[in-house]
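Below is one structure; the comments refer to it alone.
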Amino acid sequence: MRPEYTNLTHMNANKTSILLIYTGGTIGMMENPDTGALENFNLEQLQKHVPELERFDFTIDTYTFDPPIDSSDMDTESWRKLVEVVSTHYEEYSGFVILHGTDTMAFTASALSFMLEGLDKPIILTGSQLPIGVLRTDGKENLLTSLEIAAATHEDGTPMVPEVCIFFENHLMRGNRTTKINAEDFNAFRSFNYPSLATAGIHIKYNLPQIHKATGSVLKPHYLLDTNLTVLKLFPGISEPIVHTVLHTPGLKAVILETYGSGNAPSKPWFLEALKEASQRGIVVVNVTQCNAGMVEMERYETGYHLMQAGVLCGYDMTIEAAVAKLMFLLGHHYTPNEVRHLMMKSLAGEVTL
Ligand code: ASP
Numbered sequence: 238m239r240p241e242y243t244n245l246t247h248m249n250a251n252k253t254s255i256l257l258i259y260t261g262g263t264i265g266m267m268e269n270p271d272t273g274a275l276e277n278f279n280l281e282q283l284q285k286h287v288p289e290l291e292r293f294d295f296t297i298d299t300y301t302f303d304p305p306i307d308s309s310d311m312d313t314e315s316w317r318k319l320v321e322v323v324s325t326h327y328e329e330y331s332g333f334v335i336l337h338g339t340d341t342m343a344f345t346a347s348a349l350s351f352m353l354e355g356l357d358k359p360i361i362l363t364g365s366q367l368p369i370g371v372l373r374t375d376g377k378e379n380l381l382t383s384l385e386i387a388a389a390t391h392e393d394g395t396p397m398v399p400e401v402c403i404f405f406e407n408h409l410m411r412g413n414r415t416t417k418i419n420a421e422d423f424n425a426f427r428s429f430n431y432p433s434l435a436t437a438g439i440h441i442k443y444n445l446p447q448i449h450k451a452t453g454s455v456l457k458p459h460y461l462l463d464t465n466l467t468v469l470k471l472f473p474g475i476s477e478p479i480v481h482t483v484l485h486t487p488g489l490k491a492v493i494l495e496t497y498g499s500g501n502a503p504s505k506p507w508f509l510e511a512l513k514e515a516s517q518r519g520i521v522v523v524n525v526t527q528c529n530a531g532m533v534e535m536e537r538y539e540t541g542y543h544l545m546q547a548g549v550l551c552g553y554d555m556t557i558e559a560a561v562a563k564l565m566f567l568l569g570h571h572y573t574p575n576e577v578r579h580l581m582m583k584s585l586a587g588e589v590t591l
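Heads up, the sequence shown stops at 591 in my numbering, and the numbers go up one at a time, no gaps.
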């Protein structure tokens, strides 16, 4: 078995050091010559494809998931593993870069933003649409710029971006504001409801007013997550038996209702009654819009107003990814339904505009 930790660069002109964590994903895949399908390869091969890594004047150590996984296989165990690796090595490194498949990267970034309370160092997730060994890869650029951002500091030595971010195709975004929007383009991620934290051109330009400030807090890692929740996406004609079945799923503790526009839903009595009854049973129901941009305003239309009266919470401009991760985090900490409702309406890690 290969060692989990290795050192990629050896010279260390300054004291900065970055831990590069490789979880898997397209960035580290190669085509299987027999089947043509993309399969994971080892991190050792990365250095071969990115000799530029040697040119950074800081140390890069690596930690690799064994085996690396397609991000469709990411789960709460993998998130706990990431939290454990970061927290165990938190004092040793100036920042962390996580190579991750793009498919669920926004979920992982959201989860880490809640699980790493008091984070004061950069955690930059990145990946690519084309494997790093392919001539036109976007992976090299994404990797090299992410490393540079993770190592960047202000003049006083404090980190430039002390939060969980996704860097992709020239944009640095707050992780829990990000969504994958394209399965083909290199420009695959967007943060619709929060400005980019930085853009990379000839220079990397940081949008300082929008970036969390380092506070000198102590990192408090959290490992408790509860997955007893679901996402119910509305569509015209959604039927009563299906809604009833979903809301009576054994063990269900929370539902994210993916509504129309600014938080609207059918005004049919059976639908509103079903939601009201679920809320009264202690199920937390959160209203998040199907639209990419903009926010839920339940008092704007009568249909949204009825939801509010049925006990449905406003998700404001939270992404589905952030809402899922935040609910898992809060439910995992055994708060009462009312405490979960209260905390869902607060910003814990900059995930929502209130
Ligand atoms: N299926 C891959 C993954 O998410 C896609 C990618 O990395 O872009 O792991």
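Beta carbons: idealized from backbone N, C-alpha and C, even for Gly.
query	result
Can you tell me where the alpha helix (DSSP H) with residue 513 in it begins and where it stops?	506-517
Is there contact between the stretch 346-354 and the stretch 315-327, where contact requires at least three CB pairs shorter than 8 Å?	yes
Taking residue 441 and residue 386 to be in contact with their CB atoms under 8 Å, please state how far apart those CB atoms are, rounded to whole angstroms.	7 Å
Please tell me whether, using a cut-off of 7 Å, the distance from the CB of residue 307 to the nearest non-hydrogen atom of the ligand ASP is below it.	yes
Would a C-beta distance cut-off of 8 Å place residue 444 and residue 405 closer than the cut-off?	no
Grab me the residues of residue 276's own chain with a C-beta within less than 7 Å of its C-beta, minus the 5 sequence neighbours each way, in chain order.	266, 267, 269
I'd like to confirm the pairing. Which residues does DSSP put opposite residue 423 in its beta bridges?	Answer is none; residue 423 lacks a bridge partner.
What are the boundary residues of the beta strand (DSSP E) that includes residue 521?	521-526
Around the Cβ of residue 460, are there at least 16 other Cβ atoms within 10 angstroms (buried) or fewer (exposed)?	exposed
Between which two residues does the beta strand (DSSP E) carrying residue 388 extend?	From DSSP, residue 388 is part of no beta strand (DSSP E) but of the alpha helix (DSSP H) over 376-388.
In the DSSP assignment, what residue or residues form a beta bridge with residue 322?	DSSP output for residue 322 lists no bridge partner at all.
Is there at least one non-hydrogen atom of the ligand ASP closer than 7 Å to the beta-carbon of residue 273?	no
Please name the residue or residues paired with residue 267 in a DSSP beta bridge.	276
Cβ of residue 417 within 8 Å of Cβ of residue 342?	yes
DSSP state of residue 494, grouped into three classes?	strand
Less than 8 Å between the CB atoms is what I'm expecting for residue 401 and residue 360, so what's the real figure, rounded?	5 Å
I need the straight-line Cα distance from residue 409 to residue 362, nearest angstrom please.	10 Å
Could you give the distance in angstroms between the alpha-carbon of residue 527 and the alpha-carbon of residue 496?	6 Å
Less than 7 Å between the CB of residue 340 and some heavy atom of the ligand ASP, yes or no?	yes
Quick check on residue 239: buried or exposed, where buried means 16 or more other Cβ atoms within 10 Å of its Cβ?	Caution is warranted here: a pLDDT of 45 is assigned to residue 239, below 50, making its placement in the model unreliable, and the coordinate value is therefore given only provisionally. Result: exposed.
With burial defined as no fewer than 16 other Cβ atoms inside 10 Å of the residue's Cβ, what is the status of residue 454: buried or exposed?	exposed
Between 515, 560, 471, which has its C-alpha nearest residue 548's C-alpha?	515
With hydrogens ignored, establish whether the beta-carbon of residue 376 is closer than 7 Å to any heavy atom of the ligand ASP.	no
Grouping DSSP H, G and I as helix and E and B as strand, with all else coil, what is residue 470?	strand
Go through its chain and collect everything with a Cβ distance to residue 587's Cβ below 8 Å, but skip five positions before and after it.	350, 400, 411, 413, 414, 431, 449
Among the residues of its own chain, which have a CB less than 8 Å from the CB of residue 465, if the five just before and after it don't count?	488, 489, 490, 491, 568
With a CB to CB cut of under 6 Å and the five nearest residues on each side skipped, what residues in its chain are close to residue 484?	511, 515
Which residue from 462, 463, 393, 481 puts its Cα closest to that of residue 469?	481
Quick check on residue 518: buried or exposed, where buried means 16 or more other Cβ atoms within 10 Å of its Cβ?	exposed
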